[in-house]
Amino acid sequence: MSKHTRVLILCTGNSARSQMAEGILRHEAGDRFEVSSAGTNPSMVNPLAIKVMKEIGIDISDHYSKSVEEFTDQEFQYVITVCDKANENCPFFPGQVRRVHWSFEDPAAAEGDEETRSEVFRQVRDQIQRRLRSFIEAPLRAITG
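Residue numbers (the numbering used here): 17 to 161.
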C-alpha cells in the first residue's frame with residue numbers, strides 16, 4: 017500500500033471534469049496524494065479541458081482517458097465522483113474507501129463558439145479547484161461542503 021492517500025476521481029467519459037480534477041489535485045497537493053482518474057465509459061481528453069488547464073499553469077496534455085475497470089481491484093482511501101452518472105454507476109472498490117460525490121455541470125455539453133464553450137470549462141474548472149482546495153486541507157470536512 018502506498019504511503020500517500022490514494023484518490024480515484026470518476027466521471028462518465030474521463031474527458032473533462034475528472035481529468036481537470038486529477039490535474040488540479042496532483043498540482044496543488046504535491047506528493048500528499050496519489051491521484052488517478054477514470055471513466056465509466058471512457059472516451060478521450062477534451063481539447064478545451066487541456067486549454068483551460070494550461071491557462072492556470074497545469075499541463076494535462078499527456079493525460080488519456082482510462083476505464084474504471086482498470087482500477088476496481090485497487091484500494092483507494094477516496095473515490096470521488098464528479099458527475100451524477102458516474103455516481104450512479106460507480107463499482108465496488110475493496111478496502112476502507114470513502115465515497116464522495118460532487119456534481120459538476122458537464123462542460124463538454126456546452127454549446128456555442130469556442131470562446132463560449134471555453135468559458136463554461138473555466139467555470140467548472142474553478143468550481144472543481146475550490147472544492148479540491150478544501151479537500152486538500154480537510155478531506156472529511158470537504159465531503160459534505
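For every residue, glycine included, the Cβ atom is placed at its ideal position computed from N, Cα and C. Nothing here was measured: the structure is a model prediction, and the numbers come from that model.
- Closest by C-alpha distance to S34, out of E130, Q145 and Q90, is Q145.
- Three or more beta-carbon pairs separated by less than 8 Å are not found between the stretch 64-74 and the stretch 89-102, which leaves the two stretches without contact.
- In this structure, I25 places its C-beta atom within 7 Å of the C-beta atom of E38.
- Boundaries of the alpha helix (DSSP H) harbouring G39: R33 to A45, taken from the DSSP string.
- In the three-state reduction of the DSSP assignment, A154 falls in the coil class, being assigned neither a helical nor a strand state.
- Around I66, the same chain offers I76 and S77 as residues with beta carbons nearer than 7 Å, after the five sequence neighbours per side are excluded.
- Our two residues, S83 and P58, have alpha carbons roughly 6 Å apart in a direct line.
- A direct Cα-Cα distance of roughly 13 Å separates P110 from R22.
- Here A54 is actually not in contact with P123; their C-beta atoms are around 18 Å apart, not less than 8 Å.
- Per DSSP, I66 lies in no beta strand (DSSP E) segment; the continuous alpha helix (DSSP H) that holds it begins and ends at P63 to K70.
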